[in-house]
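Terminal number for the sequence shown in my numbering: 338, no gaps in between.
Where a beta carbon is used, it is the ideal one built from N, C-alpha and C, also for glycine.
Note sheet for the following structure.
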Amino acid sequence: MADERVLLRQLRQWLTLRRQLLGPRAYVEMPQSSVPHETPQSGMPSSSPTPAHVLGADHLLPRRDLPRVRMPEIRAEADLFSTLPAWQQSRSLEELYEHIHTCTACPLGLTRTNFVFGTGNPRAEIVVVGEAPGAEEDARGEPFVGAAGQLLTRMLQAIGLQREEVYICNILKCRPPNNRRPTPQEVATCRPYLWKQLELIQPAFILALGATAAAALLEREERISQLRGRPIPLQGMIMVVTYHPAALLRNPQWKRPAWEDLQLLRRLYDAYRQQAQQ
61 MADERVLLRQ LRQWLTLRRQ LLGPRAYVEM PQSSVPHETP QSGMPSSSPT
111 PAHVLGADHL LPRRDLPRVR MPEIRAEADL FSTLPAWQQS RSLEELYEHI
161 HTCTACPLGL TRTNFVFGTG NPRAEIVVVG EAPGAEEDAR GEPFVGAAGQ
211 LLTRMLQAIG LQREEVYICN ILKCRPPNNR RPTPQEVATC RPYLWKQLEL
261 IQPAFILALG ATAAAALLER EERISQLRGR PIPLQGMIMV VTYHPAALLR
311 NPQWKRPAWE DLQLLRRLYD AYRQQAQQ
C-alpha cells in the first residue's frame, strides 16, 4: 500500500502540472461492462466475442497532449546525426504497421504466417503486453485469440473492462517455432517496435502478462513472484505484472494471486481517473 500511495501522489503531481500547462480537460466516462465483477473463485464469464482486428479506431478516452512515454534511444553513437528509420518517424499506429509488418530483421520473419501487430483502442489508458503469438494468433494475425485469449477477455471483464477499451499486443510480433520462449536476441530485435507503439498510444498503465514480458520491458530478469503484487514505475507509466493466461490455464492455483493483481490495477486506474477529473 505504501508503494501505491507514492505512485498516486506522483500521479497527482503530474496531473497538476498538466492542468497548469494545458488547462482542465473533460474526460469521457467509460461505459461499465454489463458483466458482473466476479472473482475467479465464483467463476468468470464463460465467453465474449473477440473484437475485429482494429489498428486505429476512434474510441473512448481523449488524447493527452502532454507526452509521457518516449521511445528509448536505440541508435549507435556513430549514427547520432543520421536520419531516423522511417518506422521511428511514424505518427500513428497505422503508419507504424505499414512500415514494420514485412519485417525480416530476425529469422522469425521468415517462418511466420502473419505479423501480429496489436489490436484495440489506440488511445488506451491501459496496454496489455504478452510474450509472443501462438499458433492461432499466427494464423489470424491477432494477439490473444486462442484459449489464453478467451481467459484474458474474462479477466478484463472481471474488473469492468472490455477488450476494445484497452490495447493488446506482445513483445514479439512473430511466432517462435513450437511456441518456445523468445530468445534474448529476438526480444532485443522486436522490443523497439513495442516501445514505439507505447510512445504513440501514451498509456498510463501496462499490464504485463508473465515474466518474459516484464523482463523485456524492465530489461532485467526477475522472478514473477518478485514483481507481481505491486505497482512498478516504468518510463512515466505504471506497470502491474501478473501471470500469463496460458500459465493460469496450466496452474489454476495461481488464479487467486492473479485476481489480486487485477484488483490492484483497477484500484490504481480508478484513482488515476478520479484525479484526472478533478
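Query	Result
Where do the N-terminal and C-terminal ends of the beta strand (DSSP E) with Tyr-227 fall, by residue?	227–230
Ordered along the chain, which non-local residues of its own chain (more than five positions away) have a Cβ less than 6 Å from that of Ala-274?	Ala-268, Leu-287 and Val-301
Looking at Ala-165: is its Cβ nearer than 8 Å to the Cβ of Thr-249?	yes
Short check: CB of Ile-266 to CB of Val-226, under 8 Å?	no
Do Gly-289 and Asp-330 come within 8 Å of each other at the CB atom, strictly closer than that value?	no
Select from Cys-163, Leu-309, His-159 and Gly-270 the residue whose C-alpha is nearest the C-alpha of Asn-230.	Gly-270
Pick helix, strand or coil for Ala-208, following the three-state DSSP scheme.	helix
In chain order, what residues of the same chain lie with their CB nearer than 8 Å to the CB of Leu-397, ignoring the 5 residues before and after it?	In the structure as shown, the chain starts at 61 and stops at 338, and residue 397 therefore has no counterpart that could be examined.
Enumerate in chain order the residues of its own chain whose CB-to-CB distance from Phe-204 is below 6 Å, with the five nearest sequence positions on each side excluded.	Leu-212 and Ile-228
Applying the 10 Å Cβ sphere with the 16-neighbour rule, what's the burial state of Val-48?	Nothing in the structure corresponds to residue 48, since the chain is present only between 61 and 338.
Alpha carbon to alpha carbon, how far is Leu-140 from Met-299?	Only weak support exists for where Leu-140 lies, its pLDDT of 49 falling under 50; the value from the coordinates is given anyway. If I take the Cα positions, the gap works out to 30 Å.
From which residue to which residue does the alpha helix (DSSP H) around Pro-317 run?	315–336
Expressed to the nearest angstrom, what Euclidean distance is found between the alpha-carbon atoms of Asp-198 and Leu-168?	11 Å
Please report how far the alpha carbon of Trp-319 lies from the alpha carbon of Arg-214, in whole angstroms.	11 Å
Which runs of the alpha helix (DSSP H), 4 residues or longer, sit entirely within the region 225–302?	244–261, 271–278 and 284–287
Given this structure, state the Cα-to-Cα distance separating Thr-243 from Ala-146, to the nearest angstrom.	26 Å
Return the residue from the list Arg-310, Val-176, Gly-190 and Lys-315 that minimises the CA-CA distance to Arg-200.	Val-176
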